[in-house]
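Here the sequence shown stands for residues 566 to 789, numbered as in the working numbering.
Here's the structure, in structure tokens; my notes come after.
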Amino acid sequence: ERIRRKLDLAGNPPGWTVDRVTSGKIVGAVAGLVVALLFSLMLGAGTPVRIAVVLGGLVVGFFGPNLYLYQKAYDRSLQIQRDLPDAIDLMTISVESGLGFDAAVQQVSRNTDGPLADEFSRVLREMQIGQGRAAALRAMSDRTNVADLKSFVSSMVQADSFGVPVGQVLRVQSSEMRVKRRQRAEEKAQQVPVKITVPLIFCILPCLFVAVMGPAVISIMDSF
566 ERIRRKLDLA
576 GNPPGWTVDR
586 VTSGKIVGAV
596 AGLVVALLFS
606 LMLGAGTPVR
616 IAVVLGGLVV
626 GFFGPNLYLY
636 QKAYDRSLQI
646 QRDLPDAIDL
656 MTISVESGLG
666 FDAAVQQVSR
676 NTDGPLADEF
686 SRVLREMQIG
696 QGRAAALRAM
706 SDRTNVADLK
716 SFVSSMVQAD
726 SFGVPVGQVL
736 RVQSSEMRVK
746 RRQRAEEKAQ
756 QVPVKITVPL
766 IFCILPCLFV
776 AVMGPAVISI
786 MDSF
């Protein structure tokens with residue numbers, strides 16, 4: 566169940582199944598063990614270092630598929646978070662122009678690309694085979710870990726339950742998503758001075774000191 570959950574969060578990459586991930590962990594562990602053993606023999610290290618390298622290779626090989634799925638899920642979540650405000654804007658325009666919610670979702674899945682468009686397309690397919698709109702939207706929310714998408718799905722399900730006009734809810738959600746996107750951009754901008762401190766101290770300042778103080782040091786050495 567945990568592996569299936571990771572596959573759903575990663576968007577179910579082609580060819581990746583639960584059995585393949587499990588067998589990949591075993592094969593990766595064996596391959597990591599062999600590679601680490603050969604590497605330790607090439608280094609000519611002692612027994613404690615060799616044991617540590619072999620164990621490290623074993624752990625890396627065993628958890629390699631998990632790391633791959635985690636990275637795929639992370640990239641997919643970022644892409645969904647970026648595409649969600651524009652998708653809601655398109656849905657809002659479609660609904661306010663006279664289309665129904667299902668037709669608006671179809672416009673998003675047809676005219677956009679990426680994991681969010683694939684999720685909306687899957688929602689439409691599930692609704693076509695008889696699943697309710699609320700259940701299909703909740704299933705889409707469960708296949709992702711994006712808080713904004715979960716909030717959007719919750720609002721649409723409540724609007725469908727209470728009979729609130731969909732266009733009004735979409736307009737409010739669109740405005741909130743744009744505000745959140747602006748806040749995230751401002752947060753990223755405020756993190757730049759902190760993140761640039763490390764390369765500034767360890768990479769830029771030493772080079773600057775060499776360029777500025779180097780001639781003076783050479784002159785002093787020549788004087789002595």
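Don't be surprised by glycine CBs; every beta carbon is placed ideally from N, CA and C.
Rounded separation between residue i and residue j - CA only
i	j	result
residue 759	residue 746	21 Å
residue 605	residue 775	38 Å
residue 653	residue 779	58 Å
residue 661	residue 703	24 Å
residue 569	residue 773	52 Å
residue 637	residue 732	33 Å
residue 718	residue 706	7 Å
residue 616	residue 603	12 Å
residue 573	residue 737	29 Å
residue 765	residue 757	12 Å
Under 8 Å between C-beta atoms of residue i and residue j
i	j	result
residue 597	residue 623	yes
residue 593	residue 626	yes
residue 608	residue 714	no
residue 667	residue 692	yes
residue 601	residue 614	no
residue 672	residue 659	yes
residue 721	residue 734	yes
residue 641	residue 579	no
residue 701	residue 688	yes
residue 739	residue 677	no
Exposure of residue i, with buried meaning 16 or more beta-carbon neighbours within 10 Å
i	result
residue 771	exposed
residue 786	exposed
residue 575	buried
residue 709	buried
residue 781	exposed
residue 571	buried
residue 748	exposed
Range of the contiguous alpha helix (DSSP H) that encloses residue i
i	result
residue 631	612-661
residue 676	666-676
residue 717	712-727
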